[in-house]
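Chains as they are written, first to last, in numbering that gives the first Met the number 0: chain V, 0 to 281; chain P, 0 to 629; chain Z, 0 to 146.
As structure tokens, the structure follows; a few thoughts come after it.
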Amino acid sequence: MSIKILLSYLVLAPIVGGLLAGLDRRVTARMQNRIGPPILQPFYDVLKLFKKETLVVRPSQTLYIEFFFVLTVFTGALFFAGGDLLLIIFALTLAGVFFVLGGFKASSPYSVIGAHREALQMMSYEPALMMVAVGMYMVTKSFQITDIIHYPKSLIMVLPGVFLAFFFILPIKFRKSPFDLSTSHHAHQELVKGITTEFSGKTLAIIEMAHWYENVFVLAIVYLFFASNVWVGLSVSLLVFLSQMLIDNATARVRWQALVASSWLVALVLGGANIIYLMIRG
Amino acid sequence: MQNHVPFLLYFLMLFPLLIGALALVNRWSSLFKKFIYPGVIVLIVVSIGLLAIGLKGSPIFVPAHFSWIEPFMLIIEVLLAAYILFLALRRKDMIVSILIAVQTGLLLWFHFGAGHSAHVENNLFIDLFSVIMGLIIGVIGSLIAMYAVGYMEDFHAHHEEVKDRRPLFLGLIFIFLSAMFGVCFSNNLMWLLFFWEITTVCSFILIGYKQDDQSIANSFLALRWNLLGGLAFLIGIIVLFKTHHTIALNEMMSLPGTLVLLPVALLCFAGLTKSAQLPCSSWLVGAMVAPTPVSALLHSSTMVKAGVYLVLRFAHQLQGTTLGLFVAMVGLITFLIGSFICISQNDAKKILAYSTIANLGLIILCAGVGTYEAVWAGILLIIFHAVAKGLLFLCVGGIEHETGSRQVEDMTGLIVRMPKVSVMLQIGIAGMFLAPFGMLISKWAVLRAMIDFSPFSAVFLIFGSAATLFFWVKWLGKVLIVDKPYENIEKGIPTGQWIAMGTLSVLTVFICGFFAWVAHNLIDPYVAAIYGNVMVLSKGNIVIMGIMLLMVCLFPLTFLDYGSGVKLSDPYLAGANVGHKGQYQAALEVKDMEMKNYYLNDYFNEERLMYLGVILGVLFVLGLFVLGGA
Amino acid sequence: MSVLSKSPWIIHYDGSSCNGCDIEVLASLMPRYDVERFGVINTGNPKHADILLLTGSINEQNKPVVQNIYNQMPNPKVVIAVGICATSGGVFRECYNVLGGADKVVPVDVYAPSCPIRPEALIDAVVKALGILEKKKAASLAEEVKK
């Protein structure tokens with residue numbers, strides 16, 4: 000069973016991720032009163048990037064990114080194989096660290112600042128993500144995804160605070176405003192392209208694909224909160240994804256101070272309150 | 000093999016002493032260097048021999064009764080006290096003078112008064128926890144001693160103003176190793192205190208090695224806190240003796256926690272001072288003025304571990320008590336504050352110092368929680384931290400000598416300037432925070448233990464852990480940046496240093512690979528013997544960690560693909576590139592690009608956080624005595 | 000039509016333009032013309048771009064900058080001279096500091112003269128450029144095969 004799920008994840012995740020990215024661009028365009036690109040545009044972009052030359056500043060910078068991709072896929076695979084949620088988060092961090100190191104290795108002022116901001120973003124979302132694991136463990140008494148997903152009741156009913164804290168940091172993972180400090184999918188920004196500035200051609204395509212895998216993984220965590228009913232879970236995940244576009248288009252990018260302070264505060268207050276509630280409930 | 004245990008223990012405690020004594024009387028010469036390397040190798044082999052005893056859960060006791068030993072210890076203690084009193088009075092350091100006077104007075108009073116009737120059946124013992132500590136001291140300590148030989152030569156070449164007292168330096172390092180073995184093998188608390196105080200004195204003299212104003216001031220700061228801890232230790236022993244008529248560690252540990260609250264509280268306080276928990280953390284940061292081998296050996300890998308060793312011994316008694324709660328709070332707050340402060344630090348040794356404090360806090364937290372899972376995680380932390388942190392200190396020492404700076408900001412391009420050292424540095428850093436390396440395995444275990452104990456403290460743990468991620472990754476990244484052409488400058492590092500750093504790097508990776516084995520054979524039986532329960536890691540998770548380790552270890556292989564299919568280009572500098580890769584045309588002249596790290600000083604300010612930490616630390620320590628000890 | 004022409008990412012560099020053409024370039028991205036319909040993204044980063052849009056004439060100051068940006072673009076790439084100034088120097092041609100059009104410093108593939116350029120003309124120029132992009136890719140592939 001889990002092997003099948005695992006394999007279908009490996010094959011389907013980039014397709015779903017790419018389609019979601021296409022949907023994102025389309026919906027965003029509509030929100031801006033434009034027509035927008037075809038839904039398949041992200042695939043065209045990635046395929047094109049594979050045909051382009053790969054320029055590097057330091058030859059080893061691409062190696063870090065290739066590893067980032069492998070580890071991101073691995074993280075998702077762990078998830079869909081029903082692994083330990085804490086370990087999955089650690090694997091995600093490991094992947095993220097390789098991405099950041101790639102940015103550093105590229106040795107360009109823009110990518111280095113972008114890498115710093117990416118690290119800062121990781122520091123910002125880590126508490127909320129870990130709280131998801133802690134909260135789910137407290138309710139289901141297990142870190143295993145297989146156990147969490149088969150929990151008979153809907154987790155959102157007992158973990159609303161944790162979910163909100165997690166929802167708050169989602170723009171970081173989707174690289175959306177107001178938290179797209181390290182790099183963004185939008186055109187110009189103050190850091191050129193931030194951490195991805197020095198990556199081109201094949202490497203940039205790999206980053207993009209890793210991002211698709213990552214998006215599917217993040218939405219799968221959202222799904223966990225509603226896992227008791229498949230259709231509710233899937234539709235809420237999609238809704239959450241659409242809400243990110245609204246947030247993206249309705250907010251401006253914040254400074255890192257606001258990023259760190261707000262995400263930690265929200266995680267501490269909402270997540271912490273939720274966990275205290277669970278403790279009292281026993 | 001079990002018959003040889005007494006000899007093994009005597010050997011480990013006396014052999015370093017012998018080398019130390021030889022070093023003290025010897026002049027610095029090639030002859031000396033010749034006998035130090037074989038000595039170190041013998042020490043490593045014998046400490047690995049500890050594994051061959053084949054210990055399971057129960058400890059082996061060694062009577063070790065010698066009629067001369069107690070007076071001998073007393074004489075040494077009085078002599079050392081007189082020496083310190085003399086130094087303190089000369090410096091007009093009233094706190095140290097009073098502390099040492101009171102402590103010696105109490106010691107003499109106890110020795111010739113009530114304590115005279117104290118009889119301990121077995122003065123020495125060894126169990127698996129001692130074996131682990133012994134391995135750390137024997138292997139890592141010896142490697143650092145080996146490193147010190149070459150390092151000090153360089154050190155004096157660089158610092159001509161410092162008086163050359165290398166025989167004293169190495170002598171003290173070996174005497175210290177001997178005392179550390181003593182700490183781990185003593186069952187008689189008076190013996191334990193004796194060795195404890197020797198490590199304090201060694202640390203004091205070594206911190207002041209440079210003899211400049213700052214070093215001396217910091218050495219006295221360290222002395223103050225450690226003497227305060229020593230005093231608490233002694234009072235703890237006296238109280239224990241008055242109430243339960245015993246001064247044996249094993250008997251104390253077998254008493255129910257509620258009966259020995261006050262002695263345990265006092266001994267735990269001694270442990271907190273030794274392992275530089277808040278509010279006593281400042282001495283460890285100050286101790287970083289000492290030459291790097293001292294920082295590596297005393298102030299991260301071993302001596303500060305004596306503190307957590309002692310507290311962990313009492314974990315079973317702390318479990319579920321108010322006292323345990325306060326000990327855990329001290330550890331938690333130290334972990335948080337220590338990790339936060341690291342973010343704003345630029346001095347590599349200071350980062351290492353604060354992160355050491357933070358990690359010790361984590362171990363103290365485990366001890367305070369005192370459940371079997373927590374103790375299991377705590378011991379695992381001790382092992383991984385000793386290896387990785389020792390390695391990091393040694394790397395920073397090497398880097399400081401070759402580049403003349405230990406600021407993280409000056410480590411740009413290190414991967415080209417000192418490729419081998421920087422790879423080792425990266426292994427060390429990865430070992431400190433990255434999955435699947437040691438510290439993260441332990442942190443994972445701590446987190447699991449904590450969620451079962453009190454999810455709310457797990458919440459705070461999470462924030463500290465997120466901060467850890469940020470400060471390590473930006474250091475790791477800094478090393479990788481190559482902003483201009485550099486030359487390789489690592490040729491000057493002597494062989495001894497290479498061997499020490501290389502072995503520790505291999506160990507850092509190796510222990511992660513075999514951590515399941517280590518846990519199964521060393522930690523599980525110890526925890527099972529006390530609690531009858533062990534932390535169970537599911538096979539699946541171990542396999543996953545193994546896969547992750549394998550993947551990370553395969554990463555260097557990708558460098559075979561180095562530079563294939565890519566085209567070199569300049570970094571994007573808004574089109575203003577001129578000259579070599581990192582230069583650009585500014586308004587009037589050609590400039591080098593510069594990249595600085597984020598320090599978030601407004602958010603994670605050292606002074607403010609330390610201030611807050613000391614206040615909270617004082618409150619918790621007061622709570623520890625007033626609410627917990629009563 | 001291969002994917003190359005389905006995802007033209009541009010970088011826009013203003014040499015010494017009067018901003019007339021620049022505003023029109025940006026206007027093409029706005030809802031009325033919405034060139035993102037064709038997958039166009041204004042990347043602002045030469046390493047990601049396929050098409051370099053140059054506006055304004057070339058002078059001593061911006062000559063190295065244009066060359067740098069061109070060199071930092073991955074192959075295959077095309078250059079469009081947008082507006083009359085980038086095409087030939089326009090009314091500034093005879094200025095003491097002006098070298099002339101973009102083709103003085105980088106190889107230009109498409110000329111789109113007018114003052115200022117109209118979005119329709121610009122889109123037409125990009126479409127022309129895409130054809131050239133395809134040809135360049137085909138040529139480089141053929142060369143590889145020969146090797």
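We put the CB at the ideal spot given by N, CA and C, even for glycine.
At least 9 Å separates the beta-carbon of Ile428 (chain P) from that of Trp497 (chain P).
Against chain V, a Cβ distance below 7 Å from Thr557 (chain P) picks out Leu62, Glu65, Phe66. Taking a 10 Å sphere around the C-beta of Tyr212 (chain V), we find 16 or more other C-beta atoms and assign the residue as buried. Taken in chain order, the unbroken stretches of alpha helix (DSSP H) that lie wholly in the segment 343-423 of chain P and span 4 residues or more are 347-368, 371-402, 413-416.
When DSSP states are grouped into helix, strand and coil, Ile488 (chain P) belongs to the coil group.
For Gly102 (chain V), DSSP records no beta bridge to any residue. Burial state of Glu120 (chain P) is exposed, judged by a 10 Å Cβ sphere holding fewer than 16 other Cβ atoms. For Leu258 (chain P), the closest of P:Gly612, P:Val374, P:Thr320 by C-alpha to C-alpha distance is P:Thr320. For Ala269 (chain P) against Ala231 (chain P), the beta-carbon gap comes to about 5 Å, under 8 Å, which counts as contact. In the DSSP assignment, Ile275 (chain V) falls outside any beta strand (DSSP E) and lies within the alpha helix (DSSP H) extending over 271-280. Relative to the Cα of Gly102 (chain V), the nearest Cα in the group V:Ile88, V:Phe73, V:Gly134, V:Thr61 belongs to V:Thr61.
With a threshold of 9 Å between beta carbons, Glu119 (chain Z) makes no contact with chain V.
In this model, Val111 (chain V) and Glu117 (chain V) are separated by some 10 Å (Cα to Cα).
Counting other Cβ atoms within 10 Å of its Cβ, Asn2 (chain P) stays below 16 and is therefore classed as exposed. Shown here for Trp282 (chain P): same chain residues with a beta carbon closer than 7 Å to its own, the five before and five after excluded, namely Leu220, Ala221, Trp224, Ala275 in chain order.
By the CB criterion at 9 Å, Ala515 (chain P) and Leu548 (chain P) fall outside the cutoff. Our two residues, Asn576 (chain P) and Lys136 (chain Z), have alpha carbons roughly 27 Å apart in a direct line. Between Gly337 (chain P) and Tyr353 (chain P), the C-beta spacing is below 9 Å.
Annotated as proximal: Trp195 (chain P) and Ala305 (chain P), with beta-carbon spacing under 9 Å. Ranking Z:Val144, Z:Lys146, Z:Glu133 by CA distance to the CA of Lys50 (chain V) puts Z:Glu133 first. Proximity of Leu567 (chain P) to chain Z, defined by a Cβ-Cβ separation below 9 Å, is not satisfied. If you draw a straight line from the Cα of Arg312 (chain P) to the Cα of Ser253 (chain P), it is about 11 Å long. In this structure, the straight-line span from the alpha carbon of Thr557 (chain P) to that of Lys477 (chain P) is close to 21 Å.
Taking CB atoms only, Leu572 (chain P) has a neighbour in chain Z less than 9 Å away. Under DSSP, Gln143 (chain V) shares a beta bridge with V:Asp83. In terms of beta-carbon proximity, Val77 (chain Z) stays away from the interface with chain P, with every pair separated by 9 Å or more. Under the DSSP assignment, Asp523 (chain P) falls in the alpha helix (DSSP H) whose first and last residues are 523-530. Annotated three-state conformation of Lys3 (chain V) is helix, per DSSP.
By the criterion of a C-beta distance shorter than 6 Å, Ile135 (chain P) is surrounded in its chain by Ala385, once the five residues flanking it on both sides are discounted. For the 9 Å CB-CB criterion, Leu233 (chain P) and Gln102 (chain P) form a contact. With a contact defined as Cβ atoms closer than 8 Å, Thr198 (chain P) and Ala216 (chain P) miss out at about 21 Å. Contact annotation: Val472 (chain P) and Leu91 (chain V) have beta-carbon atoms that are not nearer than 9 Å.
Cβ contact annotation for Met12 (chain P) (same chain, cutoff 8 Å, sequence separation greater than five): Ser177, Phe180, Gly181, Phe184, in chain order. Residue pairing by DSSP places Gln584 (chain P) opposite P:Val589 in a beta bridge. At least 9 Å separates the CB of Val535 (chain P) from every CB of chain Z. Just so you know, the alpha carbons of Phe10 (chain P) and Cys394 (chain P) end up roughly 31 Å apart.
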